[in-house]
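The block underneath contains the structure these notes are about, expressed in structure tokens.
2 protein chains.
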Amino acid sequence: MLSDVLLVSAPGKVILHGEHAVVHGKVALAVALNLRTFLQLQPHSSGKVSLNLPNIGIKRAWDVARLQLLDMSFLEQGDPTVPILEKLEKLKEVADFPEDCTDHERLAVLAFLYLYLCICRKQRWTAEDLELINKWAFQGEKVIHGNPSGVDNAVSTWGGALRYQQGKISSLKRPPALKILLINTKVPRSTKALVLNVRNRLLKFPKIVAPLLTSINAISLECERVLEEMATAVPAPEHYLALECYRRHGLKSPASGRPNGNRLSLLLQELIDMNQHHLNALGVGHTSLDQLCQVTMAHGLHSKLTGAGGGGCGITLLRPDLTGPEVEAVKQALTGCGFDCWETSIGAPGVSVHTAASLDAPVWQALDGLCAGQWASSS
Amino acid sequence: MLSDVLLVSAPGKVILHGEHAVVHGKVALAVALNLRTFLQLQPHSSGKVSLNLPNIGIKRAWDVARLQLLDMSFLEQGDPTVPILEKLEKLKEVADFPEDCTDHERLAVLAFLYLYLCICRKQRWTAEDLELINKWAFQGEKVIHGNPSGVDNAVSTWGGALRYQQGKISSLKRPPALKILLINTKVPRSTKALVLNVRNRLLKFPKIVAPLLTSINAISLECERVLEEMATAVPAPEHYLALECYRRHGLKSPASGRPNGNRLSLLLQELIDMNQHHLNALGVGHTSLDQLCQVTMAHGLHSKLTGAGGGGCGITLLRPDLTGPEVEAVKQALTGCGFDCWETSIGAPGVSVHTAASLDAPVWQALDGLCAGQWASSS
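Which chain is which? The protein sequence lines are A and B, in order. Residue 283 in this note's numbering is what sits at position 283 of the first sequence, and the numbering runs on without skipping anything. Residue 545 in this note's numbering is what sits at position 166 of the second sequence, and the numbering runs on without skipping anything.
Right, here's the structure in full:
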């Protein structure tokens, strides 16, 4: 048991390039998104373990003494890295779900109980051990997702940007933090059906689609190269608008040979545009995503879908030269379309321990109401 | 000199697939468009050769006796297949242009005078000889275009559909006649600048753009295959809507294994969509073309740019199952955007001789006013 309050956070994730192509052995770039999930761990004398997940409306408590009476030996059976479906079936009895509990809530509670019981049982809790955290986070992913790639937990653990290809995950050295908008079109879609559609298109038109996947792979690799070059580039936002002006008139920029942040930002925009067209050619676009791209392009900003497509989410690169009112204007235009819109950054730090003083007021206020729980989470 | 009225027509042309990629050695498909230019040749006793091009407002006449007095020996100098810039400079004196004559008018008159004088001089006029017609048409192209590929005159001469790759032109066997809309966005663009932009993008991102061109090449080849299969397929328009319904819901159509016209029309639509996205990824799209695609897609129809892009023209495939009112609705929507729109067909016959009885009333009416001219043309 812990003697003090422990406050940690971990970032969300978006795919920068390589969605769908990754299914066919190509490179994907995943980046940590600075929309963070906060977790507050706090010891309590009530004899209960409490879970409070205010964002999805879950507040549950279990009697620790009762949990200790139950036979939990099934948790130790088998390899922890193989699917744990049978263990989860038995855990459902422990969880004791009320009848009106949604699937969404059940999965969140199961993931918590599985991690809590395994970690307590094994007495191996070490907050600083990223490898261990990543391993447990992967177990949580298995509970909720079923067949996760391991990218999501890895990005949330290590932060920054990761390259993923055929099961191999590696971190980019010093990826830059880039401002973006994350936009939810709120159009529901089935990732499974979209992945299947791409596979069918590849089978139907192999000579058309295979080179397209090769082109997407090259976009991911070029983006990786640009991100690594950005780490050493000197940003010069005041030159940016001039460069954009040259570009719009189809002229060769006088600065186009200079390895600075502006040239690199323009490259990132070109890669975003090309990949968005490629994803459309794969058949995973959607009119809502077209609208998203058009609305941001009307403000001179470049966007692509992120993830499965067919609706879902998109990202918009916010160039360093943009003013606050300019960003507000595009956000208003997007919310005017009925989209949800968050201004955030990618290349964010991974799982982090916080002191209360280091937190922004809104985060602290959100956490403040949760002190009654032994475990609490707020995103 | 001819003793009777001769009435001939030749089709226009659109690129079905392969624009831009063709510059980089890939296959392009050019198809004859049934928007025809009519030419009426008529002997006259006025001692004048008259040219009447009502569509571009040209009505000129030259005294044949005066032309015979001029030294035209320069026309015989050199190879007729090499550029004829010097000859054209001398021809401008013969043409005797008024000061307010536009470049557009000058080029049309020069092309006419060059062909008229060369053909009269060589006494080789044979209307049935397609090879000869194609050769002279190519000379006209050289006058107007400067560095033509030879595709335009070949399509207008032979009609149907042609495959072009690295200077080699071959006709498709029995291409089907397909109904389309030809849409002019009326957004002006420079073909030269757009071709240069694609070349620069290929140099900048070789590993991204080269596979994209390979994919476009595969689209042209697949389209060629589909067009040839269509010639032997039995069309069954009444099944089309059901197939479209299956497709929209992402279901495998029960008829998708049947080699019929509907399955082939769906394939053509998919190829059109993929190529339009590819052309966008090459950077030759335009917001006007996006609008064109969206407007036709709202009516369930698939479109792509044709030619250089960056504005200019687009084509929309009209499926065989469409009713007259449905076609009218999409045409109205397009003209509502400020576009010009023609309902026509591709795979049209090449250069043809007509009898008056075989012509539609509007064509005949347009030609009827031109009997005063010895040569007359109307599109």
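Here a beta-carbon is modelled for each residue, glycine too, at the ideal position from N, C-alpha and C.
Short CB-CB distance (under 8 Å) between residue i and chain A
| i | result |
| --- | --- |
| L680/B | no |
| V587/B | Val is not the amino acid found at residue 587/B; the sequence shown has Ile there. Chain A, which has a Cβ nearer than 8 Å to the Cβ of I587/B, makes this yes. |
| G695/B | Just to set this straight, residue 695/B is Thr in the shown sequence, not Gly. Not one chain A Cβ lies under 8 Å of T695/B. |
| I394/B | no |
| T685/B | no |
| H665/B | no |
| G404/B | no |
Helix, strand or coil at residue i according to DSSP, with G and I counted as helix
| i | result |
| --- | --- |
| N413/B | strand |
| A111/A | helix |
| C716/B | coil |
| T481/B | coil |
| P433/B | helix |
| T287/A | helix |
| L132/A | helix |
| T306/A | strand |
| D321/A | coil |
| P554/B | coil |
| T527/B | Looking at the sequence itself, residue 527/B is Pro, so the reference to Thr does not match. Reduced to three states, the DSSP call for P527/B is coil. |
| A572/B | helix |
| L282/A | coil |
| Q518/B | helix |
| A677/B | coil |
| V428/B | strand |
| K438/B | strand |
| Q544/B | strand |
| Q421/B | coil |
| L359/A | coil |
Chain-order list of residues whose beta-carbon lies under 6 Å from that of residue i (same chain, five-residue window excluded)
| i | result |
| --- | --- |
| P554/B | G539, A540, L606 and G726 |
| G662/B | N576 and R580 |
| Q544/B | V406 |
| G312/A | R189 |
| L130/A | T157 |
| Q139/A | none |
Neighbourhood of residue i by C-beta distance below 8 Å, restricted to the same chain and skipping five residues each side
| i | result |
| --- | --- |
| A108/A | L53, I56, I58 and I144 |
| C341/A | L181, L182, I183, N184, K331, L334 and T335 |
| H678/B | E705, A708, V709 and A712 |
| L650/B | H396, I598, E601, C602 and V605 |
| V402/B | V574, V577 and R578 |
Unbroken beta strand (DSSP E) run spanning residue i, endpoints
| i | result |
| --- | --- |
| N563/B | L557 to N563 |
| I694/B | C692 to L696 |
| L11/A | Strictly speaking, residue 11/A in this sequence is Pro, with Leu absent from that position. Unbroken beta strand (DSSP E) run through P11/A: L6 to H17. |
| K168/A | K168 to S171 |
| A348/A | Unbroken run through A348/A: none, as it is neither H nor E. |
| A474/B | A474/B -> not in any beta strand (DSSP E); alpha helix (DSSP H) instead, spanning L464 to A474. |
Closer than 8 Å to chain B by CB, residue i
| i | result |
| --- | --- |
| T185/A | no |
| E228/A | no |
| H20/A | no |
| M274/A | yes |
| A218/A | yes |
| F38/A | no |
| E222/A | yes |
| L212/A | yes |
| N280/A | yes |
| F205/A | yes |
| S215/A | yes |
| H277/A | yes |
Residues near residue i in its chain [Cβ-Cβ closer than 7 Å; skip 5 each side]
| i | result |
| --- | --- |
| S724/B | N413, A556, L557, K558 and I559 |
| L264/A | V226, E229, M230 and A233 |
| A444/B | G426 |
| K87/A | F74 and L75 |
| V674/B | A712, L713 and C716 |
Limits of the alpha helix (DSSP H) - the one that residue i falls within
| i | result |
| --- | --- |
| A154/A | V151 to W158 |
| S215/A | P206 to M230 |
| R445/B | V443 to L448 |
Residue i CB to nearest heavy atom of the ligand ADP below 7 Å
| i | result |
| --- | --- |
| T185/A | The model depicted lacks the ligand ADP and carries no ligand whatsoever. |
The stretch 202-210 of chain A in contact with the stretch 175-189 of chain A per 3-pair CB rule at 8 Å:
The stretch 202-210 of chain A, when compared against the stretch 175-189 of chain A, does not touch it at the 8 Å Cβ threshold.
Inter-stretch contact at 8 Å, needing at least 3 Cβ pairs: the stretch 210-222 of chain A / the stretch 12-29 of chain A
They touch, by the three-pair rule.
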